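Undergrad:
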Amino acid sequence: MGHMLRQYELIEKVRAYDPDADEALLNRAYVFSMKAHGAQVRASGDPYFSHPIEVAGILTDLKLDDETIVTAILHDTIEDTVATHEQIEKLFGANVARLVDGVTKLSKIEAQSENERAAENLRKFLLALSDDIRVLLVKLADRLHNMRTLHHIKSEEKRRRIAKETMDIYAPLAERIGMYEMMTEMQTLAFKELEPDAFASIARRLDQLHAGGGDLVSRIGLGLQLHLADHELEAEVMGREKHPFSIWKKMAERHISFEQLSDVMAFRVIVDKVEDCYQALGLIHERWPMVPGRFKDFISTPKRNGYRSLHTSVIHDSKMRIEIQIRDTAMHAQAERGLAAHWAYKEGRPVDDVKVPWIEDLVEILDHADSPEELLEHTRMAMYQDRIFAFTPKGELIQLPKGATPVDFAYAVHTALGDKTVGAKVNGRVVPLRTLLDNGDQVEILISDAQHPQPSWLRFVVTGKARSSVRRFVRHKERDETIELGHKIYDEIVGRLPAPLAAEALGRAIKKLKLDDVDALMIGIARKRLTDEAVMEALMPGSVGSDIAPRPSAQRQAISIKGLTPGVAFSLATCCHPIPGDRIVGLRREDESIEVHVIGCDQLASGVDADWLDLAWGDLSDGGTARLCVILRDVAGALGEMAGILGAQGANIVNLHLAHRDGSFHTFHLDVEVHDLGHLHALLAALRSAEAVSSAERL
Ligand code: MN
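Using the numbering used here, the letters of the sequence shown correspond one by one to residues -13 to 685.
1. Could you compute how far the alpha carbon of E53 sits from the alpha carbon of L92?
2. Run the proximity test for D62: is its beta-carbon closer than 6 Å to any non-hydrogen atom belonging to ligand 1?
3. Find out if the Cβ-Cβ distance for the pair D608, V584 is shorter than 7 Å.
4. Looking at the structure shown, is L(-4) part of a helix, part of a strand, or coil, going by DSSP?
5. Spatial neighbours of L507 within its chain, please: CB distance less than 6 Å, with the 5 preceding and 5 following residues excluded, ordered by chain position.
6. Could you tell me whether any non-hydrogen atom of ligand 1 is closer than 6 Å to the CB of D128?
7. Out of curiosity, what's the CA-to-CA distance linking L195 and V86?
8. Between A149 and L136, which are expected to be in contact by the criterion C-beta below 8 Å, what is the C-beta distance as a whole number of angstroms?
9. Does DSSP put H652 in a helix, in a strand, or in coil?
10. Rounded to whole angstroms, what is the Cα-Cα separation between C561 and Q589?
11. What do you get for Y476, buried or exposed, if any count of 16 or more other CB atoms within 10 angstroms of its CB means buried?
12. I need the straight-line Cα distance from I547 to F395, nearest angstrom please.
13. Taking DSSP's pairing of strands, which residues face D154 in a bridge?
14. Check H138 in the structure and name its three-state DSSP category.
15. Specify the secondary structure class of H271 as computed by DSSP and reduced to three states.
16. Just to confirm, is the Cβ distance from V621 to F654 under 7 Å?
17. For the stretch 184 to 193 against the stretch 208 to 221, are there 3 or more C-beta pairs whose distance is under 8 Å?
18. Touching or not, the stretch 468 to 488 and the stretch 517 to 530, by the rule of three or more beta carbon pairs under 8 Å?
19. When burial is assigned at 16 or more other CB atoms within 10 Å of the CB, is L208 buried or exposed?
20. Quick check: the Cα distance between T695 and G586, rounded to an integer number of angstroms?
21. Would you mind reading off the limits of the beta strand (DSSP E) that contains R254?
22. Identify the residues that DSSP records as bridge partners of D568: which are they?
23. Run through DSSP, which three-state label would T449 get?
24. Nearest-angstrom Cα distance between L383 and R147?
25. Assuming contact is defined by CB atoms lying nearer than 7 Å, are R254 and Q311 in contact in what I supplied?
26. Which complete beta strand (DSSP E) runs does the stretch 415 to 477 hold, if anything under 3 residues is left out?
27. When you measure from the CB of D505 to every non-hydrogen atom of ligand 2, does any distance come out below 6 Å?
28. Going by C-alpha to C-alpha distance, which of I570, D62 and T57 sits closest to R84?
29. Kindly indicate which three-state DSSP category H196 falls into: helix, strand or coil?
30. Out of D648, L656 and F651, which has the shortest C-alpha to C-alpha gap to L632?
31. If you reduce the DSSP assignment to three classes, tell me which class V223 lands in.
32. Which residues bound the alpha helix (DSSP H) around H(-11)?
33. Can you name the residues that DSSP bridges to E659?
34. What does the alpha-carbon distance come out to for the pair Q743 and R205?
35. Taking the alpha-carbon positions, what's the A390 to R457 distance?
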């Protein structure tokens, strides 16, 4: 590449269409980017810095505002240099920082796109991500410049990948927002890389056409104009040669050879009035034979976006077909008004005023949609505005509603994954499960077989799938636990009977009690719908009143944890104070010590570098220290009452302090030794029922 756009040239270009552009801002960006990229070089051998400047140059051709130009100059600094978001925000303002972030995010997606992912999805994703269309414009200009310099890349595989991506994703995006010139250049460059032979033969054939008689397009165009003028019809005629890729596409679609494909030229005839359109059509058909089946009258029947014109193809003198569109000046202005114009700097208005909300863009895009399919696609796109797109570590795209959390993400991937979620890494950082996901986030779900859906998730999940999975699990779990509890009580009851139970006694009892099955009996027992005596009578008539053995008492056991190598040292985390019954996870840090945390502990977010161990309590685990926050009313004897309740519940206070005093309430933090989660819950319930206690919670 020869000439690199200089600082003053770039600024001149911007000032030519926007005299009010912030020159100092542009200068600052130029210097900042040059310093940041330093000695980096491109595959071409040019200083890397030439790339962002050229990208900015492309955008000046589109007459974009100074913020967009500055964004283009800075677009690779966050990704490829030591520059930070904070620096950019400080030096160039929040808008530019946000735009640069947007482009950086798009580039990251691009980097991930090596693996299989539907181009269609990616296109939608990129559109959804570009909540400010300027982000997309910078990205497209970036891609265009990379395509212009593609031949410098040595690896053919890499060149082909970039070219294919451009063809599948970026060229259609450019088309979508009305950047036809950009689309054409991208397609031509990509086509050249992807189908070098086809490109060469089409280029050769086009050259031959040119060699046949100078500028054929102008000659034929002039001929058209003169023919109309002969009949006193004044018309402006514009001609263009179709570009190689569109010629090739036609050849591919219609299974024809270049020789058969003779319409490589298209002409536009622009006249003053509607009547003149039909007159011009008549004159053209009179002079050159029309190609059957190619005539369309979009004036009497406009396209649904309002497009009007007459389309026809005729066989020109040299047996060459040409395509002709005929329209009046008003129709022409309407057809030419592209979305891009919307973004261009206009009449001294700062672009922030010009900037319209997405939905207005959408209306604009809809205006330009050519077919119902396209409309449908755009309508779907509108839906994506309240959607976000996140990635699995393998690059699979997951669509979620805005406000979705890692738990929603996990359930969207698979129900089994959601059920076992204990933590999540977003972009490599461990985050709390209630974190809101953002577009482009890469989400890794950390799982544990000990985990189950948590009722607390219902407070933050937003997807129906997550919500219903948690609800279903909670319902089933409650039932399972109730039945299990019922069995325990039942065994006790049976143990207290004066004689061993006959094999068929249970079945008889269920019938006698008019219950459906064993589960129903156990639920009835657990929920205290059936008294012990009623059950005993049903099992063994006449047994009530005889000697009944007392209930056995629980035995205190030590802590054991499943999932650890026996003998390995671990400690219960002092941030969340796990007790048996809590769902737990282990963090193994570099120094090999294992910290056991409650799943859902906020401190897990700091476990970025730690290994996550899937843990569960041993069956006989008993005993732990729970940290409570108890708010007492300022009444005489309140503290004594609390101590009394704890004592009666068999819970030992190991630490107590007054956290703060607020008028008539005293907040205490206390560490209490309990057996397990069930014990703790009973304890909290007893505290809450006390007169002196305003509230009691686990910390
Ligand atoms: Mn770039």
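Glycine included, every Cβ here is placed at the ideal spot set by N, Cα and C. These figures come from a predicted structure and were not determined experimentally.
TA: On the basis of the data shown:
1. Position 67 of the sequence shown, counted from the first residue, corresponds to residue 53. Position 106 of the sequence shown, counted from the first residue, corresponds to residue 92. Going by the C-alpha atoms only, they are around 18 Å apart.
2. As a working note, residue 62 is residue 76 in the sequence shown. D62: yes, Cβ under 6 Å from ligand 1.
3. Start at 1 with the first residue of the sequence shown, and residue 608 comes out as number 622. Start at 1 with the first residue of the sequence shown, and residue 584 comes out as number 598. With contacts defined as CB atoms closer than 7 Å, D608 and V584 fail to qualify as a contacting pair.
4. Residue -4 sits at position 10 when you count from the first residue of the sequence shown. DSSP places L(-4) in helix when its eight states are reduced to three.
5. On the sequence shown, residue 507 is found 521 positions in, with the first residue counted as 1. Contacts found: I496 and L501.
6. Translated into the one-based positions of the sequence shown, residue 128 becomes position 142. Look at D128: its beta carbon is less than 6 Å from one of the heavy atoms in ligand 1.
7. The sequence position of residue 195 within the sequence shown is 209, counting from 1. The sequence position of residue 86 within the sequence shown is 100, counting from 1. Cα to Cα, the separation comes out at about 46 Å.
8. For this step, residue 149 is matched to residue 163 along the sequence shown. For this step, residue 136 is matched to residue 150 along the sequence shown. About 7 Å; that satisfies the 8 Å criterion.
9. Indexing the sequence shown from 1 puts residue 652 at position 666. H652: strand per DSSP, three-state reduction.
10. As a working note, residue 561 is residue 575 in the sequence shown. As a working note, residue 589 is residue 603 in the sequence shown. Their Cα atoms are separated by approximately 7 Å.
11. Position 490 of the sequence shown, counted from the start, is the residue given in the question as residue 476. The residue is buried, with at least 16 neighbouring Cβ atoms inside 10 Å.
12. Here residue 547 is taken as the residue at index 561 of the sequence shown, counted from 1. Here residue 395 is taken as the residue at index 409 of the sequence shown, counted from 1. Cα-Cα distance, rounded: 30 Å.
13. Residue mapping note: residue 154 aligns to position 168 of the sequence shown, counting from 1. For D154, which the question treats as bridged, DSSP gives no partner whatsoever.
14. Locating residue 138 in the sequence shown gives position 152, counting from the first residue. Three-state result, H138: helix.
15. Numbered from 1 along the sequence shown, position 285 holds the residue referred to as residue 271. Correct three-state label for H271: helix.
16. For the purposes of this step, residue 621 is identified with residue 635 of the sequence shown, where counting begins at 1. For the purposes of this step, residue 654 is identified with residue 668 of the sequence shown, where counting begins at 1. No; because the gap between Cβ atoms is not below 7 Å, this pair is not in contact.
17. no
18. yes
19. Position 222 of the sequence shown holds residue 208. The residue in question, L208, is exposed, as its Cβ has fewer than 16 Cβ neighbours within 10 Å.
20. Since the displayed the chain opens at -13 and closes at 685, residue 695 lies outside it and no answer follows.
21. Position 268 of the sequence shown, counted from the first residue, corresponds to residue 254. Its beta strand (DSSP E) spans residues M251 to V257.
22. Residue 568 sits at position 582 when you count from the first residue of the sequence shown. Beta-bridge pairing links D568 to P566.
23. The count along the sequence shown starts at 1 and reaches residue 449 at position 463. T449 falls in the coil class under three-state DSSP.
24. Numbered from its first residue, the sequence shown carries residue 383 at position 397. Numbered from its first residue, the sequence shown carries residue 147 at position 161. Near 19 Å, if we compare the C-alpha coordinates of R147 and L383.
25. Numbered from 1 along the sequence shown, position 268 holds the residue referred to as residue 254. Numbered from 1 along the sequence shown, position 325 holds the residue referred to as residue 311. Contact flag set, yes.
26. 415 to 417 and 429 to 433
27. Because ligand 2 does not appear in the structure shown, any question about it cannot be addressed here, the ligands present being ligand 1.
28. Taking the sequence shown and counting its residues from 1, one reaches residue 84 at position 98. The shortest CA-to-CA distance from R84 to any of I570, D62 and T57 is the one to T57.
29. Start at 1 with the first residue of the sequence shown, and residue 196 comes out as number 210. Helix, per DSSP.
30. The count along the sequence shown starts at 1 and reaches residue 632 at position 646. When each option's Cα is compared against that of L632, the closest is L656.
31. Counted from its first residue, the sequence shown places residue 223 at position 237. Three-state result, V223: strand.
32. For this step, residue -11 is matched to residue 3 along the sequence shown. Where H(-11) is concerned, there is no enclosing alpha helix (DSSP H), given that its DSSP letter is neither H nor E.
33. In the sequence shown, the residue the question calls residue 659 occupies position 673. DSSP lists T611 and N638 as partners of E659.
34. Outside the shown range of the chain, which is -13 to 685, sits residue 743, and nothing can be said about it.
35. As a first step, residue 390 is located in the sequence shown; it is residue number 404 there, counting from the start. As a first step, residue 457 is located in the sequence shown; it is residue number 471 there, counting from the start. Taking the straight line joining both Cα atoms gives about 17 Å.
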